[in-house]
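Protein chains in written order, with our numbering: chain B, 266 to 427; chain P, 266 to 427; chain H, 266 to 427. Following: one structure in structure tokens, then a few remarks.
Following this line, the structure appears as structure tokens:
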């Protein structure tokens with residue numbers, strides 16, 4: 266078991282199946298990820314609770330703590346995609362950037378606290394390599410009315426030259 | 266005629282003039298694109314219909330199908346900028362990432378379907394190289410009240426060494 | 266004094282202290298910046314007036330000119346972070362990309378004019394190297410209810426090989 270897999274196990278995290286059979290990450294009109302050089306660009310993933318999309322406005326139907334856990338579920342899915350992209354999460358050199366979009370009620374001004382649910386998880390898993398740049402905001406709506414979405418850029422080990 | 270130009274012609278797509286006389290892509294206080302290494306970063310472009318900005322809230326004044334076509338027009342403009350950036354669209358190695366921002370009515374929860382208008386077009390034109398990572402959301406407003414905006418990152422062939 | 270420091274002085278701009286004592290840029294659950302290759306990814310910074318967060322809806326409590334100055338303050342903070350990242354702002358090769366998120370009133374459709382406050386400042390400081398790609402939009406809310414947030418990608422000189 267690789268160090269990161271061991272860490273995930275110690276956190277009781279099981280990476281979900283995030284994709285149908287895949288050709289170069291293709292699904293629908295876009296892909297869960299694209300590799301470009303030593304960077305993986307990951308598509309936005311949607312917040313879940315008990316494996317189902319968690320929909321509603323944060324600060325209204327959805328309280329902060331639930332939204333924060335949904336943001337954590339987004340980070341877990343992003344890692345699942347990243348694992349498909351590089352095979353072994355120990356090949357991740359750095360989580361580079363996160364954009365966290367929160368579906369907030371009109372007066373909810375704490376998207377950064379929701380985003381912490383994803384950020385703290387990434388640091389738990391990767392340690393220093395998990396410390397990333399981040400922006401967070403509240404948007405007007407998200408796909409399916411979900412409460413939080415985030416996308417990510419990660420730097421990974423170069424593909425070995427043959 | 267290059268393969269991509271031929272494909273565009275077969276789709277009856279004419280790339281618009283997107284820029285005034287240009288110094289290093291400069292226009293206004295920012296540029297339509299910046300090249301950094303082998304990546305082109307493209308500024309957000311705004312959705313149009315019949316060559317004019319299509320303004321209004323998607324899910325209210327603007328129905329989904331119209332917004333999707335406006336998103337397609339954004340992708341066409343992005344390609345026009347990309348052509349200025351690299352001279353020949355066959356030098357595009359990969360459409361890497363799209364961020365699609367939809368000016369949705371409060372209860373419109375299908376920004377991803379609007380975004381498909383851009384995504385599907387890119388795959389039509391570039392095939393596998395057009396499959397990209399993507400995030401989409403509904404924002405509160407966009408420049409001029411336009412219905413959709415998107416920006417893009419593309420990977421292109423290295424500049425030949427002399 | 267380096268050329269960029271001289272330029273900042275001529276503009277009467279003093280870069281603020283943006284960070285507590287830093288380990289690899291770490292603060293809270295995320296970092297003000299991450300270096301990846303020759304790029305610095307900067308976290309979103311929040312608009313200020315007289316050194317304090319400027320909160321409220323642009324086009325309502327906050328008029329455009331004030332928001333534009335707040336966007337300029339964001340650009341100043343981004344430069345302060347960038348200076349921590351690379352030591353000397355003359356090592357900045359290019360401001361690559363800006364994402365400007367404006368906390369606008371429902372009918373405010375000029376996020377691009379707010380964003381110009383940041384963009385124009387960057388060009389004043391860096392000249393051609395400051396011309397960047399950009400997207401701007403109005404979001405539903407921002408951290409602490411601040412009126413504007415922006416993040417940035419910059420290309421910097423390679424780290425000298427030893």
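Backbone N, C-alpha and C define an ideal beta-carbon position, used for all residues, glycine too. Since this is a predicted model, take the numbers as computed values, not measurements.
Own chain partners of residue i with C-beta closer than 7 angstroms, once the 5 adjacent residues on each side are dropped
i	result
residue 295 (chain H)	308
residue 396 (chain B)	388
residue 358 (chain P)	394, 420, 421 and 422
residue 337 (chain P)	382, 383 and 386
residue 348 (chain P)	280 and 354
residue 291 (chain P)	Reliability of the predicted coordinates at residue 291 (chain P) is poor, the pLDDT of 46 falling under 50, and the value obtained from them is presented with this limitation in mind. So no residue of the chain qualifies.
Classification of residue i by the beta-carbon crowding that lies within 10 angstroms, buried from 16 upward
i	result
residue 215 (chain H)	Past the boundaries of the shown model lies residue 215 (chain H); chain H is included only from 266 to 427, so the question cannot be answered.
residue 279 (chain B)	exposed
residue 275 (chain H)	exposed
residue 317 (chain B)	exposed
residue 304 (chain P)	buried
residue 268 (chain B)	exposed
residue 398 (chain H)	buried
residue 335 (chain P)	buried
residue 353 (chain B)	exposed
residue 288 (chain B)	Model confidence at residue 288 (chain B) stands at a pLDDT of 45, short of 50, so the residue's coordinates are unreliable and nothing is read from them.
residue 424 (chain P)	exposed
residue 277 (chain H)	exposed
residue 416 (chain H)	buried
residue 392 (chain B)	exposed
is_contact[residue i, chain B] using C-beta, thresh 8 angstroms
i	result
residue 303 (chain H)	no
residue 373 (chain P)	yes
residue 420 (chain H)	no
residue 287 (chain H)	Residue placement at residue 287 (chain H) is flagged as unreliable, the pLDDT there being 46, under the threshold of 50; the coordinate-derived value follows with that caveat. By this cut-off, residue 287 (chain H) is not an interface position.
residue 267 (chain H)	no
residue 309 (chain H)	yes
residue 323 (chain H)	no
residue 299 (chain H)	yes
DSSP bridge partner residues for residue i (one or two, in chain order)
i	result
residue 270 (chain B)	Partner(s): none; residue 270 (chain B) has no beta bridge.
residue 416 (chain B)	B:364
residue 400 (chain H)	H:364
residue 314 (chain P)	P:317
residue 384 (chain P)	Answer by DSSP bridge pairing: none, since residue 384 (chain P) is not bridged.
residue 369 (chain P)	P:323
residue 301 (chain B)	B:304
residue 421 (chain H)	H:357
residue 411 (chain P)	P:320
residue 389 (chain P)	Paired residues: none, contrary to the question.
Neighbour flag for residue i against chain H, beta carbons, 8 angstroms
i	result
residue 376 (chain B)	yes
residue 369 (chain B)	yes
residue 291 (chain B)	Caution applies to residue 291 (chain B), whose pLDDT of 46 falls short of 50 and renders its modelled position unreliable; the value that the coordinates give is listed next. No, its Cβ sits nowhere closer than 8 angstroms to a Cβ of chain H.
residue 312 (chain P)	no
residue 294 (chain P)	yes
residue 416 (chain P)	yes
Beta carbon proximity, residue i to chain P, threshold 8 angstroms
i	result
residue 316 (chain H)	no
residue 279 (chain B)	no
residue 326 (chain B)	no
residue 270 (chain B)	no
Residues near residue i by beta carbon distance below 6 angstroms, same chain, minus five either side
i	result
residue 333 (chain B)	379 and 382
residue 281 (chain H)	345
residue 306 (chain B)	299 and 418
residue 390 (chain P)	272
residue 401 (chain H)	365, 376, 377 and 380
residue 270 (chain H)	none
residue 342 (chain B)	283 and 310
Proximity test, residue i beta-carbon vs the ligand SAM heavy atom, cut-off 7 angstroms
i	result
residue 299 (chain P)	With respect to the ligand SAM, the structure offers nothing, as it holds no ligand at all.
Cut-off 8 angstroms between Cβ atoms - residues of its own chain near residue i, not counting five sequence neighbours on either side
i	result
residue 322 (chain H)	368, 369, 370, 373 and 412
residue 329 (chain B)	323, 375, 378 and 379
residue 407 (chain H)	311, 366, 368, 413 and 414
Chain A contact for residue i (CB, 8 angstroms cutoff)
i	result
residue 425 (chain P)	No chain A appears in this structure, whose protein chains are B, P and H.
With 7 angstroms as the limit, tell me which residues of the stretch 379-412 of chain B have their beta carbon closer than that to any beta carbon of chain H; keep them in chain order.
If the cut-off is 7 angstroms between Cβ atoms, the stretch 379-412 of chain B has 381, 384, 385, 388, 393, 396, 397, 398, 399, 400, 401, 402, 403, 404 and 405 near chain H.
Which residues, taken in chain order from the stretch 339-364 of chain P, show a beta carbon closer than 9 angstroms to some beta carbon of chain B?
Listed in chain order, the positions of the stretch 339-364 of chain P with a beta carbon within less than 9 angstroms of a beta carbon of chain B are 358, 359, 360, 361, 362, 363 and 364.
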